[in-house]
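**Student:** The numbering used here applies: residue 1 is where the sequence shown begins, and numbers increase by one.
Ideal Cβ placement from N, Cα and C applies to all residues, glycine included.
Note that the coordinates shown come from a computational prediction; the quantities given were computed from them, not determined experimentally.
Have a look at this one before I ask anything.
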Amino acid sequence: MPPVSVGTFASEFRGRSASDRTAFVAALWDARGWETTVEADTVVAEQEDERRRIRVVDPGRFGTPDLDGVDVLVTARDRAAVRDAAADAGVAYVPPAELRDLLLYGIDRDTAARLYTEWIDHPSSGRSTATEPGRP
1 MPPVSVGTFA SEFRGRSASD RTAFVAALWD ARGWETTVEA DTVVAEQEDE
51 RRRIRVVDPG RFGTPDLDGV DVLVTARDRA AVRDAAADAG VAYVPPAELR
101 DLLLYGIDRD TAARLYTEWI DHPSSGRSTA TEPGRP
């Protein structure tokens with residue numbers, strides 16, 4: 001997959017529905033070798049004897065998300081207040097720029113291209129898309 005700019009990725013990720021963002025994160029962690037399940041806005045990722053709860057949120061402009069029981073916080077927008085709250089709670093913080101880097105450099109290129117096309121890229125982006133059966 002050719003690199004997409006951080007701004008473009010962040011905008012497209014933020015433009016997806018909450019359930020699509022969570023499903024994308026689950027698919028990305030799955031591609032990284034974790035077994036994943038989705039519980040509302042949280043991905044439960046397991047690998048050998050490790051278990052991580054990955055909450056996927058769009059924090060908006062005000063407030064911070066509940067971090068109780070969360071190991072990793074993936075956000076649809078990078079906000080200093082949310083980053084600070086995550087650090088204070090000992091929660092790993094993954095803003096769109098880092099999520100993009102995980103996609104581009106954390107898995108093989110073919111898988112990255114497939115996940116990007118399936119979950120992030122959409123007609124309004126000006127690029128062609130592939131639609132899988134059963135996927136709106």
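With 16 other CB atoms within 10 Å as the buried threshold, where does PHE13 fall?
**Tutor:** buried
**Student:** By Cβ distance, which residues of its chain are closer than 7 Å to ALA81, with the 5 residues on each side in sequence left out?
**Tutor:** THR64
**Student:** With a threshold of 16 other CB atoms inside 10 Å of the CB of PRO136, please say whether the residue is buried or exposed.
**Tutor:** Legend: pLDDT at PRO136 = 37, less than 50; position of this residue unreliable, value from coordinates given subsequently. It is exposed - the Cβ of PRO136 has fewer than 16 other Cβ atoms within 10 Å.
**Student:** May I have the straight-line CA-CA distance separating THR117 from THR111, to the nearest angstrom?
**Tutor:** 10 Å
**Student:** In angstroms with no decimal places, state the Cα-to-Cα distance between SER142 and ASP58.
**Tutor:** This structure cannot settle anything about residue 142, because the visible part of the chain is limited to 1 through 136.
**Student:** GLU48 by DSSP, collapsed to three states: which one?
**Tutor:** Three-state result, GLU48: coil.
**Student:** When DSSP builds the beta bridges, which residues end up paired with ARG77?
**Tutor:** Answer by DSSP bridge pairing: none, since ARG77 is not bridged.
**Student:** How far does the beta strand (DSSP E) with TYR93 in it reach, from first residue to last?
**Tutor:** According to the DSSP assignment, TYR93 belongs to the beta strand (DSSP E) that extends over 92–94.
**Student:** Name the residue from THR37, GLY15, GLY33 whose alpha carbon lies nearest to the alpha carbon of ALA23.
**Tutor:** THR37
**Student:** Return the chain-ordered list of same chain residues with a C-beta closer than 8 Å to the C-beta of ALA87, the five sequence neighbours on each side being excluded.
**Tutor:** TYR93
**Student:** Please work out which residues of its chain come closer than 6 Å, Cβ to Cβ, to SER5, disregarding the five sequence neighbours upstream and downstream, and give them in chain order.
**Tutor:** none
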